[in-house]
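Going down the list, the protein sequences come from chains A and B. In terms of my numbering, the first sequence opens at residue 1496 and continues consecutively. In terms of my numbering, the second sequence opens at residue 246 and continues consecutively. Glycine included, each C-beta is placed from N, C-alpha and C at the ideal position.
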Amino acid sequence: MDPRSTALPTKEIKNTDPPLWVAWHQALASIRVRFVRQAVTCLGVALGIAFFASIQLLREAQAASAEPQDAARLKWLVATSLVMCLVGVTNSMLMSVAERYREIGTIKCLGASDGFIVKVFCIEAALLGLIGSVGGSLIGAGLMSIVLAIDGSSAGWEGFLKVVGLGTLVGVLMTIVAAIAPAIQAARMPAAAALRVEV
Amino acid sequence: MADVVVRTTNVVKVYGMGEAEVRALNGVSCEIYRGEYVSIMGPSGSGKSTLFNMIGGLDKPDEGSVFVNSVDIAQLTARELAFLRCHTIGYIFQTFNLITVRTALENVTLPMLFAGMQPDEADERGMMLLDLVGLQNRYHHRPNELSGGQQQRVAIARALANNPSIVLADEPTGNLDLRTGKEIIELLRRLNKEQGVTIISATHDLKMLDASDRIFHIRDGQLAKIETREELTLQVGSVQGED
Ligand SMILES: Nc1ncnc2c1ncn2[C@@H]1O[C@H](COP(=O)(O)OP(=O)(O)O)[C@@H](O)[C@H]1O
Ligand SMILES: [Mg+2]
Chain A
1496 MDPRSTALPT KEIKNTDPPL WVAWHQALAS IRVRFVRQAV TCLGVALGIA FFASIQLLRE
1556 AQAASAEPQD AARLKWLVAT SLVMCLVGVT NSMLMSVAER YREIGTIKCL GASDGFIVKV
1616 FCIEAALLGL IGSVGGSLIG AGLMSIVLAI DGSSAGWEGF LKVVGLGTLV GVLMTIVAAI
1676 APAIQAARMP AAAALRVEV
Chain B
246 MADVVVRTTN VVKVYGMGEA EVRALNGVSC EIYRGEYVSI MGPSGSGKST LFNMIGGLDK
306 PDEGSVFVNS VDIAQLTARE LAFLRCHTIG YIFQTFNLIT VRTALENVTL PMLFAGMQPD
366 EADERGMMLL DLVGLQNRYH HRPNELSGGQ QQRVAIARAL ANNPSIVLAD EPTGNLDLRT
426 GKEIIELLRR LNKEQGVTII SATHDLKMLD ASDRIFHIRD GQLAKIETRE ELTLQVGSVQ
486 GED
């Protein structure tokens, strides 16, 4: 006989996770209160994605006409911009988790599951990523459109929207990917260890 | 025989390895009964916080076992542990540890939401608890807008959120001035008497003695002596002298 079954009914334990809006409110509160810090993270994403979107728009505009050598160079630039952006975002997310170990430990004491903590960080990252990359794509693609227009060339509306869509998708995925590993690692830490971390 | 809420058997906790090895707890066995107010006294570094972590399910012992309501916490999965922390134990820390981005009321209701309570119901109970600790009119303030004593009151209300069997406090008056510390102790004692909450409080504050039913003296990771309230009253003179 399992002595645990009498004291802790397993049926209830399965329902420990609160509805998603609890994590959503926690993430929003965290963005609102740490506004400046989060805005800087957002700006980092925006800059990287703006660079990415501008090169991508150039590729769209030159898709038909460019020499193969030029096309290869642009691809290389796109890859570089993505790596730059990923490094920047990863750094921001690592910091954002590291400075909150104590908060994570405390929330665990209140009964949060590891999944809840990861959820909060993912929602936060997705929101920051969304704002940063929509803004960044619009700015990058917009500026490049102006430059192209001066040259008398254009990627067309379709190309513009395609680039903005792609930039947003890439930006959001990247921020979530960057946030998820440190968040899981922090969530799995024993609560006592998380509480001891001094920032 | 009184109802045992917490039982530890030969709990050992070792930090570090080889030369740097520290036996923070070195075979602690004790029983704590329902409705008791127990103080764990000992100098800094004697292992109070380590014992707090073990009883609270925040860390696992290297040897021995900790039973909370007859459940061996080493046997629990991560999710069952989260359930235990949510429903069975309330935590109070020396550094208050409120969630800085949430208001006083939100801090108190968060554990209730984790327990699956409806938001309206949680808000109502949250206000009731804030009222109980004398802070109802500050419910919308964030921790950095509250004094240390007020923050600790919020933390106490939060610890009571899900009607826990045990409230664990690690030096709850350690960051407070003398008078505020006394008020916090009186509040804890009142809750213990009126609500019947079991309180286990680590401290090196002699003022705490007066409130306690039993005092566990801990030295170098071992339980050196257990005093009851009756034994204590005989020595009140000397205690006041030391304060
Ligand atoms: N995470 C840890 N890593 C290494 N040593 C620790 C850790 N936690 C506590 N210790 C050591 O264990 C002993 C007991 O510490 P602690 O339980 O915090 O004492 P108290 O709370 O009574 O001041 C101390 O010697 C401390 O240095
Ligand atoms: Mg301590």
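- Excluding the 5 residues flanking it on each side, PRO1513 of chain A has same chain C-beta neighbours closer than 8 Å at PHE1611, in chain order.
- DSSP, read as helix, strand or coil, puts LEU350 of chain B in helix.
- By the neighbour-count criterion, in which 16 or more other beta carbons inside 10 Å mark a residue as buried, SER294 of chain B falls on the buried side.
- Listed in chain order, the positions of the region 258-275 of chain B with a beta carbon within less than 9 Å of a beta carbon of chain A would be empty, since no residue qualifies.
- Applying a distance threshold of 6 Å between residue Cβ atoms and the heavy atoms of ligand 1 selects A:ARG1691, B:TYR260, B:GLY261, B:VAL267, B:ALA269, B:GLY287, B:SER289, B:GLY290, B:SER291, B:GLY292, B:LYS293, B:SER294, B:THR295, given in chain order.
- The Cβ of ALA327 of chain B sits closer than 9 Å to at least one Cβ of chain A.
- The Cβ atoms of SER1587 of chain A and GLY1539 of chain A lie closer than 9 Å to each other.
- In the DSSP assignment, LEU413 of chain B falls within the unbroken beta strand (DSSP E) covering 411-415.
- Exposure of SER315 of chain B is indicated by the presence of fewer than 16 other C-beta atoms within 10 angstroms of its C-beta.
- Under the 9 Å criterion on CB atoms, ALA1686 of chain A is classed as interfacial with respect to chain B.
- The nearest non-hydrogen atom of ligand 2 is less than 8 Å from the C-beta of GLU416 of chain B.
- Residue burial annotation: ARG330 of chain B is buried, with at least 16 other C-beta atoms found within 10 angstroms of its C-beta.
- For ASP304 of chain B, the chain A residues whose Cβ falls inside 9 Å of its Cβ are PRO1685, ALA1686, ALA1687, ALA1688, in order along the chain.
- Under DSSP, THR253 of chain B takes part in a beta bridge, and its partners are B:CYS275, B:VAL311.
- Under the rule that a run must span 4 or more residues, the alpha helix (DSSP H) segments found entirely inside the region 1665-1694 of chain A read 1686-1691.
- Burial check for HIS385 of chain B: the Cβ neighbour count within 10 Å stays below 16, so the residue is exposed.
- Cβ contact annotation for THR333 of chain B (same chain, cutoff 7 Å, sequence separation greater than five): VAL313, ASN314, PRO409, SER410, ILE411, in chain order.
- For GLY394 of chain B, the closest of B:ILE337, B:ASN437, B:VAL249 by C-alpha to C-alpha distance is B:ILE337.
- In the three-state reduction of the DSSP assignment, SER1587 of chain A falls in the helix class, which pools H, G and I.
- Per DSSP, GLY335 of chain B is one residue of the beta strand (DSSP E) stretching across 334-337.
- Non-local beta-carbon contacts of LEU321 of chain B in its own chain, meaning distances under 7 Å to residues more than five positions away in sequence, involve LEU329 in chain order.
- Rounded to whole angstroms, the gap between the alpha carbons of ALA1621 of chain A and ILE1671 of chain A is 6 Å.
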